[in-house]
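*Asks:* In the working numbering, the protein residues as written are 100 to 233. Starting off with a structure, shown below.
In C-alpha cells, the structure reads:
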C-alpha cells in the first residue's frame, strides 16, 4: 500500500502528461474551430472574413463579400488550401478584389503556425487569424 506522500508523487507524471496534452491540443491545427481574419472591417461593410474548419479539414469561408467552401490538408507545419465552389454575389469591385486576393494568399500559403488563439498561414503573404473563443 502506498503512503499518502508516495501516492501524491506517483501522480505528478500523470498530471504533467495531462497538462502537456492540453498544451499540444491548444497549439495544434484548429480542426473543428472557427476563426476570423485579424483585419479591420472594410469601409461600408460589417463583415470580416472567417473560416469554419471542420474536423477533416473541410472549410466554409465567408469573405468580405463572397462565400464558399474549400479544403485544408495539413502535415506537420505544412499546409495546402484548395478553394472549392464560391457563390457569385453582387459585390462592389473593391470587396470582390479583396476576396480574390485573400483566397490567392491562402492558396499560396505553404506552412502554418499557432500560438494560443492566433493562427498564421505563411506564404508570400502571411495571413493572421484569431480563433473565435466565444
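C-beta atoms are modelled at their ideal positions from N, C-alpha and C, and glycine is treated no differently. What you are looking at is a predicted structure, and each value in this text was computed from that prediction instead of being measured.
1) Evaluate residue 201 with the Cβ neighbour count: other Cβ atoms within 10 Å of its Cβ, from every protein chain shown; 16 or more gives buried, anything less gives exposed.
2) Using CA atoms only, rank isn't needed, just tell me which of 232, 206, 215, 233 is closest to residue 226.
3) Take residue 110 and list the residues in its own chain whose beta-carbon comes closer than 7 Å to its own, dropping the five residues that flank it on each side.
4) How would you write the range of the beta strand (DSSP E) that residue 200 sits in, first residue to last?
5) With distance defined between alpha-carbon atoms, name the residue in 168, 198, 188, 194 nearest to residue 182.
6) Using the Cα positions of residue 149 and residue 195, report the straight-line distance between them to the nearest angstrom.
7) Look at the alpha carbon of residue 138 and the alpha carbon of residue 147, and state the distance between them as a whole number of angstroms.
8) Pull up the DSSP beta-bridge partners for residue 218, would you.
*Replies:* Short version:
1) buried
2) 206
3) Note that residue 110 scores 46 on pLDDT, short of 50, meaning its location in the model is unreliable and no value can be drawn from it.
4) Counting along the chain, residue 200 falls outside any beta strand (DSSP E), though it belongs to the alpha helix (DSSP H) covering 192 to 207.
5) 168
6) 15 Å
7) 7 Å
8) 213, 228
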